[in-house]
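This report concerns only the one structure given below.
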Amino acid sequence: MEQASSNHTLQAEIDALKASLQQTNSQLEEAQYRLEEANDMIEAIRSGEVDALVVKGEDGHQLYTLKSSNLAYRIFVEQMTTGAATLNRQGTILYCNSRFASILELPLEKVAGSVFCDLAVASEISNCNELMNAAWVHSGLKRELNLITSSGKEVPVLLSLQAMQLEEGLFMSVIVTDLTDQKKQQQLLKEKNIALQEAQETARELNANLEQTVRERTKELYSNQERLSRILETMAEGVEIIDTNGHLTYANLMAQKILGITQSETDDHVYIDPKWQAFHVNGSPLPENEHPMAIAMTSGKSVYDFEIGMQAPDRERFYISINAAPIRDEQGTIIGSIGTFTDVTHRRKSIQQKDDFISVASHELRTPIATLKASLQLLGRMKENPDPVMLHRLIDQSNKSLNKVSVLVNDLLDTKKMSEGQLQLNKTCFSVAVLVNDCCQHIRATGNYEITYEGDKDIMVEADMDKIDQVLVNLVNNAVKYAAASKQIKVRVVREGKFAKINVVDGGPGIPQDRLSNLFERYYRVDTKDNHYSGLGLGLYISAEIIQKHGGKIGVESKLGEGSTFWFTIPLA
8 MEQASSNHTL
18 QAEIDALKAS
28 LQQTNSQLEE
38 AQYRLEEAND
48 MIEAIRSGEV
58 DALVVKGEDG
68 HQLYTLKSSN
78 LAYRIFVEQM
88 TTGAATLNRQ
98 GTILYCNSRF
108 ASILELPLEK
118 VAGSVFCDLA
128 VASEISNCNE
138 LMNAAWVHSG
148 LKRELNLITS
158 SGKEVPVLLS
168 LQAMQLEEGL
178 FMSVIVTDLT
188 DQKKQQQLLK
198 EKNIALQEAQ
208 ETARELNANL
218 EQTVRERTKE
228 LYSNQERLSR
238 ILETMAEGVE
248 IIDTNGHLTY
258 ANLMAQKILG
268 ITQSETDDHV
278 YIDPKWQAFH
288 VNGSPLPENE
298 HPMAIAMTSG
308 KSVYDFEIGM
318 QAPDRERFYI
328 SINAAPIRDE
338 QGTIIGSIGT
348 FTDVTHRRKS
358 IQQKDDFISV
368 ASHELRTPIA
378 TLKASLQLLG
388 RMKENPDPVM
398 LHRLIDQSNK
408 SLNKVSVLVN
418 DLLDTKKMSE
428 GQLQLNKTCF
438 SVAVLVNDCC
448 QHIRATGNYE
458 ITYEGDKDIM
468 VEADMDKIDQ
478 VLVNLVNNAV
488 KYAAASKQIK
498 VRVVREGKFA
508 KINVVDGGPG
518 IPQDRLSNLF
528 ERYYRVDTKD
538 NHYSGLGLGL
548 YISAEIIQKH
558 GGKIGVESKL
568 GEGSTFWFTI
578 PLA
C-alpha cells in the first residue's frame, strides 16, 4: 500500500517536472523568437528602414528614435546647403544631413553614431570638447574649427550650436558651415567664377529632391513651424513661402534682410508687388508669369539658379538667384511654392564691370593704334619725297599714340600687380616741392594750363618718388580731363601730424555727391550723357592702392559749380 502511494507520488513529481520542462521549452522558444525579432529590428534601424539609431556604449546598446513629429525636421535639414547634425549629451551624432557627411567625405551611415569632436583635427579635439561643454550652458555659441576628412584633408568650418528641448529630452543642434571658399576670397576672378560654378552645381544636387520633399512633408512642415524656424533663422540663404494668390506667408530673417522688408510687412507683401520692379538679367521687365515662384506653381516643377533683378522703392537695383519648388497638399494639389535665394548683386556687378572694361579697353586701345597706323602709312608714302613739316608732325603724332598705348598697358600691368599683391615700393627721402615742379611738364608745355605750388616748400617725405609722381600726374591729368575750362590747377601742400597732405585743386564744374564714393573703384569712369572721357577708369584706383601701400589716405571733396579737390597723405621724412 505504501509502495503504491510512493509510486503515485513519484509519478506525480515526474509529470510535474515534464510539465515544467515543457513550459520552460515554450518560454525558451518565445524568448528565442523575441531575440530574433529584436535583432531584425536593430538591423532594420541600422539599414535606414526604421527612423531610429542604435548607439553602442559602455552601458550596452542605446536606442534613439525620431518620432513622426521630428521627421519634418530631418527632411528639411537634409535639403540645407550647410551641414547639420543633432547630438546627445555625450556628443554622439544621432542624426546628420548629407551635406555634413559630404564635408567629411564619409558615407552617411559612417557619420551617424560617431562622437562629433573625434571628427576634428587632433590638435583641436580638446578645444572642441570645451566648446561643446560650454554650449550646453550658453546656447547659441559660434566658433571656427578644422574638421578632418576621410582622406586626411583639413576643412575649416564655422560651428553654430543651439541646445534644443525636444520631446525626447535635451539635444544639441549643430549647423556646420564650410568656410573653404571664404578662406580663398583673395583668389583671382577666374578662380572665383570656377568656384561659383562648382558651388552652383553642388546646390543643384542638394536641391534635386526639393520638390518631392516639399510634397511629402508639407503637413509636417507647418505643424513644426516653431521648431523649424530656429534652423531657418540661422541659414545664410533667404527662404520664402507664398500661397496661390502670390501673398508672402513666410520669410526668414535673411529673406527680410535681402528684400528690405520687416516681419510686419510680410503679410502685405506679394512676390510681384506693383511698388517693386522685377527684371531679367538683361534689363528687360520680368512678367508676373515668368517669375520663378510662379513658374514652380504653374508647371508643378522645380526651378533652379534663376537670376532676376529687383528694384525696390528708394533702393538701388539688386540681383538674387532663386531655387523654387511647388508645395502640394496631401491630395497632390498645389497650394503655393517655396523658394530659397541668395543676393548675387556683387557677382553680377563684377561680371558687368568686366564686360564694360573689355569694351572700354578695346575702344581705348583701338583709337591710338589706328592713329599710329595711319601715321606710319603716311610716312611710308613720303619716304621718296619727304615733307619736313609733315614728317615732324607725323612723328610727333606717332609718339603721342605710342605714349597713350604705353600708359594704358602700364595701367593694366599695375592693376594686375596690385591684385596679386606684388606692388613694390622703393622709398627715399625727397622734397615735395621738387616733385611738383618736375612732374606734369607735358601739361605745362601745352601752355593751356598753369600749375602753381602753394605751401611750405621745405616739406620732405619718405616714399617711392616714382610712384608718388604717378599719383600726382594722375590727379593733375584728372583735373585737366574733367575741368578743361579751369586753366589754373593748384597743388597745395600742408603738414598734418606725421603726414604731408597734398591737395590738387581745380575750378571745374565739380562732381555729383552720389558719385564721389565710387571714384576710386576699379574701372569707374565719371562719364555723363553730355561728356565721354577716354581712359580705362584705372588711374584713381591705382593711385588709391599706391597711397594705401604707403600707409596714407586718399580722398576727394567737391561741390557742383565750385570745382573739386583731390588729396592724399604720405608720411613725413
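Letter 42 of the sequence shown, counting from 1, is numbered 49 in the numbering used here, and no numbers are missing. Quick reminder that beta carbons are idealized off the backbone N, C-alpha and C, glycines included.
- For residue 143, the enclosing alpha helix (DSSP H) stretches over residues 132-144.
- Between the beta-carbon of residue 350 and that of residue 207 there is about 15 Å, and that puts the pair past the 8 Å contact cut.
- Per DSSP, the beta-bridge partners of residue 326 are 316.
- In the displayed model, residue 431 falls within coil according to three-state DSSP, outside both helix and strand.
- Of the residues assessed, residue 402 falls on the exposed side of the cut-off, its CB having fewer than 16 other CB atoms within 10 angstroms.
- The Cβ-Cβ distance between residue 284 and residue 263 does not fall below 7 Å.
- In the three-state scheme derived from DSSP, where H, G and I count as helix and E and B as strand, residue 378 is classed as helix.
- Residue 350: member of the beta strand (DSSP E) spanning 341-350, first to last residue.
- Membership of residue 304 in any beta strand (DSSP E) is not indicated; the residue belongs instead to the alpha helix (DSSP H) covering 299-306.
- Collapsing the DSSP output to three states places residue 163 in a strand.
- Three or more beta-carbon pairs drawn from the segment 243-258 and the segment 336-356 are found closer than 8 Å, and the two stretches are therefore classed as touching.
- According to the DSSP assignment, residue 108 belongs to no beta strand (DSSP E) but to the alpha helix (DSSP H) extending over 105-111.
- The C-alpha of residue 162 is placed about 6 Å away from the C-alpha of residue 155.
- Contact check for residue 139 against residue 98 passes: the beta carbons are separated by less than 7 Å.
- In this structure, 470 is the residue among 526, 563, 514, 470 with its C-alpha nearest to the C-alpha of residue 578.
- Sorting 516, 547, 576 by C-alpha distance to the C-alpha of residue 568 places 516 at the top.
- With respect to the 7 Å criterion, residue 168 and residue 129 are not classified as neighbours on the basis of their beta carbons.
- When DSSP reads this structure, residue 409 sits in no beta bridge, so it has no partner.
- Note on the segment 484-512: whole beta strand (DSSP E) runs with a minimum of 3 residues are 495-503, 506-512, in chain order.
- Note that the C-beta distance between residue 185 and residue 110 is below 7 Å.
- In the three-state scheme derived from DSSP, where H, G and I count as helix and E and B as strand, residue 516 is classed as coil.
- When beta bridges are read from the DSSP output, residue 122 appears opposite 99.
- Within the DSSP secondary-structure output, residue 176 pairs in a beta bridge with 173.
- For residue 257, the secondary structure class from DSSP, reduced to helix, strand or coil, is strand.
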